[in-house]
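One rule links them: number in our numbering = place in the sequence shown (from 1) + 1. Where is the CB? At the ideal position from N, CA and C, for every residue including glycine. Quick caveat, the model's predicted, so the values are computed rather than measured. I have placed the structure first, in the form of structure tokens, so that the comments after it can refer back to it.
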Amino acid sequence: MLTLVPAGEEWMSFRQSMLEEPATMAYNAPYFPPDGTIPFPESKWAGWLERWTGQEPERFCGYVLDGGTPVGEVCWYGMGSDMGVVIRADHRGKGYGKLLTLYFSHDLLKNGLYPHYGYAINPESEAVAKKC
2 MLTLVPAGEE
12 WMSFRQSMLE
22 EPATMAYNAP
32 YFPPDGTIPF
42 PESKWAGWLE
52 RWTGQEPERF
62 CGYVLDGGTP
72 VGEVCWYGMG
82 SDMGVVIRAD
92 HRGKGYGKLL
102 TLYFSHDLLK
112 NGLYPHYGYA
122 INPESEAVAK
132 KC
């Protein structure tokens with residue numbers, strides 16, 4: 002069963018491991034050469050949490066758990082106009098990304114917000130968008 006938990010200090014080490022894992026962040030390499038990873042030292046955690054928590058509906062970030070195991074991160078900002086789903090490399094191919102993108106797209110549309118998909122980064126988003 003999938004569960005979404007809001008970002009909090011207890012999830013920052015998971016976020017750090019995801020952002021610093023080359024296999025997970027390879028899609029990001031054009032923006033953060035050479036391997037797409039983004040340093041996220043503990044010194045940045047408090048500022049990041051201040052910006053991303055308690056800011057709904059302007060912005061939101063949370064962590065996706067499957068049976069208690071964290072598998073990825075979901076964020077949106079700009080009142081839902083931009084959203085991102087990052088699934089850890091070792092959990093990809095299980096349908097999490099498509100399911101979460103579809104769920105949040107429907108939720109945003111239901112609330113009068115219009116999601117934007119990063120087709121250049123994730124070509125599968127276009128197929129998901131057509132289902133909405």
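Burial state of Y120, where buried means 16 or more other Cβ atoms lie within 10 Å
Stepping through the sequence shown from its first residue, residue 120 is reached at position 119. Its pLDDT being 45, under 50, Y120 is placed unreliably in this model, and the value from its coordinates should be taken loosely. Answer is exposed; the Cβ neighbour count stays below 16.
By a C-beta neighbour count over all protein chains shown, 10 Å radius and 16 as the cutoff for buried, is K132 buried or exposed?
The sequence position of residue 132 within the sequence shown is 131, counting from 1. Low confidence applies here, because K132 scores a pLDDT of 45, under 50, leaving its location unreliable; read the following figure in that light. Classification of K132: exposed, given that the 10 Å Cβ count is below 16.
Measure the alpha-carbon distance for P124 versus V65 and round it to whole angstroms.
Taking the first residue of the sequence shown as 1, we reach residue 124 at position 123. Taking the first residue of the sequence shown as 1, we reach residue 65 at position 64. Because P124 carries a pLDDT of 46, less than 50, the predicted location of this residue cannot be relied on, and no value is offered for it.
Are G63 and P7 closer than 8 Å when you measure CB to CB?
Here residue 63 is taken as the residue at index 62 of the sequence shown, counted from 1. Here residue 7 is taken as the residue at index 6 of the sequence shown, counted from 1. Contact: yes.
Given that a residue counts as buried once 16 or more other Cβ atoms are within 10 Å of its Cβ, and exposed if not, what is W74?
As a first step, residue 74 must be located in the sequence shown, where it is residue number 73. Checking the sequence shown, residue 74 turns out to be Glu, not Trp. Buried, by the Cβ-count rule.
Per DSSP, cross-strand counterpart(s) of R60
If you number the sequence shown from 1, residue 60 lands on position 59. Looking at the DSSP assignment, R60 forms a beta bridge with Y78.
Coarse secondary structure for P7, derived from DSSP in three states
As a first step, residue 7 must be located in the sequence shown, where it is residue number 6. Of the three classes helix, strand and coil, the one that applies to P7 here is strand, per DSSP.
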